[in-house]
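Chains as they are written, first to last, in my numbering: chain A, 1 to 338; chain B, 339 to 784.
Just so you know, even glycine gets a beta-carbon here, dropped at the ideal spot from N, CA and C.
Small disclaimer: the values here were computed from a predicted structure and weren't measured.
Note sheet for the following structure.
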Amino acid sequence: MDAILIQLLNGLDKGAAYALIALGLTLVFGTLGVVNFAHGALFLIGAFCAVSFQKVVTISKKILDPNITYFDAYIEQPYLEIWMGDTGLAIIDYAVPLSLFFAVPIMLLVGLAMERGLIQFFYKRSHAEQILVTFGLAIVLQEIIRHFYGANPIPTPAPDIVSGSAQVGLWIGLGDTLVYPWWRIIYLISSVGIITAVFSFLNLTTFGMVVRAGMADRQMVGFLGINIQRKFTIIFALAAIVAGVAGAMYAPILPPDYHMGMDFLVISFVIVVVGGMGSLRGAVASGFLLGVLQSLAAMTAVSSILPGIEQIIIYLVAVIVLLTRPRGLMGRKGVMDE
Amino acid sequence: MKDKSNKNIITRRQAIKTGAAISVAPMVFSKGAYAANFTNDPGYKSSVTLGFNVPQTGAYADEGADELRAFKLAVKHLNGEGDGGMMNTMKPMNLRGNGILGKKVTYVTGDTQTKSDAARASAKRMIEKDGVIMFSGGSSSGVAIAVQGLAQELGVVFMAGLTHSNDTTGKDKRRYGFRHFFNAKMSGSALGPVLKDEMGTERKAYHLTADYTWGWTQEQSIQETTEGLGWSTTAKVRTPVGAGDFSQFITPVLNSGADTLILNHYGKDMINSLTQAVQFGLRDKQVEGKNFEIIVPLYSRLMAQGAGDNLKGILGTANWDWQLQDEGSKAFVRSFGKEYGFPPSMAAQTCYVQTLLYANACENAGTFYPPEVIRQLEGFEFDGMGNGATEYRAEDHQCFKNVLVVRGNQNPTSSYDLLDIVKEVPRADVEYDASIFGGELGPYKV
Numbered sequence: 001m002d003a004i005l006i007q008l009l010n011g012l013d014k015g016a017a018y019a020l021i022a023l024g025l026t027l028v029f030g031t032l033g034v035v036n037f038a039h040g041a042l043f044l045i046g047a048f049c050a051v052s053f054q055k056v057v058t059i060s061k062k063i064l065d066p067n068i069t070y071f072d073a074y075i076e077q078p079y080l081e082i083w084m085g086d087t088g089l090a091i092i093d094y095a096v097p098l099s100l101f102f103a104v105p106i107m108l109l110v111g112l113a114m115e116r117g118l119i120q121f122f123y124k125r126s127h128a129e130q131i132l133v134t135f136g137l138a139i140v141l142q143e144i145i146r147h148f149y150g151a152n153p154i155p156t157p158a159p160d161i162v163s164g165s166a167q168v169g170l171w172i173g174l175g176d177t178l179v180y181p182w183w184r185i186i187y188l189i190s191s192v193g194i195i196t197a198v199f200s201f202l203n204l205t206t207f208g209m210v211v212r213a214g215m216a217d218r219q220m221v222g223f224l225g226i227n228i229q230r231k232f233t234i235i236f237a238l239a240a241i242v243a244g245v246a247g248a249m250y251a252p253i254l255p256p257d258y259h260m261g262m263d264f265l266v267i268s269f270v271i272v273v274v275g276g277m278g279s280l281r282g283a284v285a286s287g288f289l290l291g292v293l294q295s296l297a298a299m300t301a302v303s304s305i306l307p308g309i310e311q312i313i314i315y316l317v318a319v320i321v322l323l324t325r326p327r328g329l330m331g332r333k334g335v336m337d338e
Numbered sequence: 339m340k341d342k343s344n345k346n347i348i349t350r351r352q353a354i355k356t357g358a359a360i361s362v363a364p365m366v367f368s369k370g371a372y373a374a375n376f377t378n379d380p381g382y383k384s385s386v387t388l389g390f391n392v393p394q395t396g397a398y399a400d401e402g403a404d405e406l407r408a409f410k411l412a413v414k415h416l417n418g419e420g421d422g423g424m425m426n427t428m429k430p431m432n433l434r435g436n437g438i439l440g441k442k443v444t445y446v447t448g449d450t451q452t453k454s455d456a457a458r459a460s461a462k463r464m465i466e467k468d469g470v471i472m473f474s475g476g477s478s479s480g481v482a483i484a485v486q487g488l489a490q491e492l493g494v495v496f497m498a499g500l501t502h503s504n505d506t507t508g509k510d511k512r513r514y515g516f517r518h519f520f521n522a523k524m525s526g527s528a529l530g531p532v533l534k535d536e537m538g539t540e541r542k543a544y545h546l547t548a549d550y551t552w553g554w555t556q557e558q559s560i561q562e563t564t565e566g567l568g569w570s571t572t573a574k575v576r577t578p579v580g581a582g583d584f585s586q587f588i589t590p591v592l593n594s595g596a597d598t599l600i601l602n603h604y605g606k607d608m609i610n611s612l613t614q615a616v617q618f619g620l621r622d623k624q625v626e627g628k629n630f631e632i633i634v635p636l637y638s639r640l641m642a643q644g645a646g647d648n649l650k651g652i653l654g655t656a657n658w659d660w661q662l663q664d665e666g667s668k669a670f671v672r673s674f675g676k677e678y679g680f681p682p683s684m685a686a687q688t689c690y691v692q693t694l695l696y697a698n699a700c701e702n703a704g705t706f707y708p709p710e711v712i713r714q715l716e717g718f719e720f721d722g723m724g725n726g727a728t729e730y731r732a733e734d735h736q737c738f739k740n741v742l743v744v745r746g747n748q749n750p751t752s753s754y755d756l757l758d759i760v761k762e763v764p765r766a767d768v769e770y771d772a773s774i775f776g777g778e779l780g781p782y783k784v
């Protein structure tokens, strides 16, 4: 029972990350009609916002290391610690949560720059051309990250207070063997919060209503005198912020490296296809569904019968869905139906 | 009657004699005449080119960068520049700081991308286009085995960089391939007694293993060691290389009944799997009254930097560490540190040593002719290059030297002081019979 529950929890957590990226991906496809293969790079940039913020707050004074006598080596002491003592150390400890205040404006700017600087010129081009140019952009962005940060993963820990595991089993009366990392629980709750906020924004505001109308019939909204293009640009920036925040918060779970965007992009794209291209609910539901399936498939009981199933389960589900329901689980009728 | 007017005409017999003399003359007057017919013979050129094939992109790019630094330093020292590094401590040594056999050393670099096909293509380009006389480097056993095969096919010596799989000098060994780095079998032999002392003889081990040649052989070697101590093996789970998120593999460990997790991962995979194992509270866990332990059989300082605090207190092995206090290690660290401002990794040390060993073998052979150079390396015994007295075993081209058992430093005094040397296991304790892994070296002449 414990084993199933922990895999379920882990699947929901993993699914939350997939859902957040897939949500932005499908939002951009639904509004702008663009297949944005650079979306994983936005997740990557978000994660490196956390890394950069951590680097900034740990800028250090170099003190000659007396222990190394062969050459000049240095011990580093953060200036924040020198100037502010315990307060400085607390800021360093809380670097990841604090980095969100840095990540949101950065991602807004990155999103606007990407859409205005490149994506807008490909609205009327074929999907194949969009994929080529956005994939190229993703490679350029990840190589820029690699140039400045190196290829090694960079440890970006969560605050000490949430670095351990929570006794989830005790909460639900199952004993103390069921534990789960605090930061992953925070990530799951935050993801649900972000997804709810995005849905609320699109469903409960006038702006959201216009965007949804534009997704359904762009031309008609234009005839009503609404500059739908500008709203779609804002939606692109919103998608960038969602991906960026997801990336920044993911940094303590997986030490960021330059390739993490690509690792998530492929799976997220499959999730969008399974959920239905352009379907926001489909992206979220399929993100969680595939995350849970992938996690359950890794259970010893399953993998001993079907070795390696956890590595192909997502693609297996995608194949089955595409064969039986080409428009995806919640896809709009007519989209990828043939 | 003979016709005197034809006295200047060369007879058939004279022509045959003259032709034979002309064809034999170069062999009589040139030393090592056999050397005229091998791949990339430098002949009368004033320089020789070495090829450094390292991961410049991909997951091991940082390790590749450090290897390249070491190669460049070795070339500098071979050409008589800088402080000479280990050329001041290596014994016996015939290097004079005037290149190799009086020819200036130059180099070309390639990018393996840590992919076998890319590494082979890069090595082929170095051999066929750049004319390298020897090539070296790499941070993966899959790559090492792939390019070692190419070295044998094309007749160019390959001095392997970082490769830890038993297969490299086991079933896939080649006459033209040499490994200075230690291997998984040696890691197991070195770790065994320390594990027994620190963790006892009754434990249940759970293996997470990178699904390729290195992971398989390390898993096998460590399993043999731990089961030899009396431990049982709860499960052996293969994980895809570059899996990123290992949480789905870590969570089954929690309820498996195992009390020890052995991570047969390296590089980015090790950093991620260890980080997540710690996040899931494995290090705080107790199983049947025993503290849950994590073991990382192959460590490197670059990995330790990536894993951060998660590595503190965790046992593993290393080929070499910059904090060793022998004269060779100190000379190399001093030289590398002055050049680059930080200490070298063990990958850098092995690449530096391999370059010097090849050059010295050429000097000893008096030629670049590979079969003669290979014979010089086979069974070569040397000292003064770190880890004590060392031998390149002739039977499998595996170097034997002391192996380090290390532990993640609990209280580092600098950003490089990440590993504590727990024990320097003597070479005799990690030696094994060369025939146990099978394989054939192949011919000298190709």
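What residues match up with residue i in a beta bridge as DSSP calls it?
i             : result
residue 796/B : What is shown of chain B runs 339 to 784, which leaves residue 796/B out entirely.
residue 632/B : 599/B
residue 212/A : Residue 212/A pairs with nothing; no bridge assigned.
residue 115/A : For residue 115/A, which the question treats as bridged, DSSP gives no partner whatsoever.
residue 462/B : BP columns for residue 462/B are empty, so no partner.
residue 728/B : 720/B
residue 746/B : 650/B and 757/B
Does residue i get closer than 8 Å to chain B when you measure Cβ to Cβ?
i             : result
residue 129/A : no
residue 141/A : no
residue 71/A  : yes
residue 3/A   : yes
residue 14/A  : yes
residue 203/A : no
residue 175/A : no
Counting only beta-carbon separations shorter than 8 Å, does residue i have a partner in chain A?
i             : result
residue 610/B : yes
residue 583/B : yes
residue 754/B : yes
residue 749/B : no
residue 746/B : no
residue 682/B : no
residue 622/B : yes
residue 315/B : A question about residue 315/B goes unanswered here, because the residues of chain B that appear run from 339 up to 784.
residue 380/B : no
residue 613/B : yes
residue 675/B : yes
residue 606/B : yes
residue 668/B : yes
residue 407/B : no
Have a look at the options and flag the residue whose alpha-carbon is nearest the alpha-carbon of residue i.
i             : options                       : result
residue 686/B : 434/B, 432/B and 477/B        : 477/B
residue 582/B : 564/B, 571/B, 605/B and 568/B : 605/B
residue 506/B : 783/B, 564/B and 779/B        : 779/B
residue 767/B : 671/B, 531/B, 465/B and 595/B : 531/B
residue 660/B : 650/B, 491/B, 671/B and 411/B : 671/B
residue 560/B : 599/B, 525/B and 743/B        : 525/B
residue 745/B : 756/B, 735/B and 738/B        : 756/B
residue 416/B : 772/B, 704/B, 770/B and 694/B : 694/B
Taking all protein chains shown into account, decide if residue i is buried (16 or more other Cβ within 10 angstroms of its Cβ) or exposed.
i             : result
residue 363/B : Per-residue confidence for residue 363/B stands at a pLDDT of 49, beneath the threshold of 50, marking its modelled position as unreliable; the derived number appears in the next sentence. By the 10 Å Cβ count, residue 363/B comes out exposed.
residue 553/B : buried
residue 53/A  : buried
residue 89/A  : exposed
residue 710/B : buried
Whose C-beta lies closer than 7 Å to the C-beta of residue i among residues of the same chain, with five residues either side of it excluded?
i             : result
residue 329/A : 274, 275, 276, 282, 285, 286 and 321
residue 68/A  : none
residue 512/B : 486, 487, 489, 490, 779 and 780
residue 492/B : 377 and 465
Can you name, in chain order, every residue of its own chain whose Cβ lies under 8 Å from the Cβ of residue i, other than the five neighbours on each side?
i             : result
residue 432/B : 698, 701 and 702
residue 176/A : 167, 169 and 170
I'd like the list of long-range same chain contacts for residue i, defined as Cβ closer than 6 Å, with 5 residues on each side in sequence excluded.
i             : result
residue 603/B : 548 and 611
residue 427/B : 665, 666, 669 and 722
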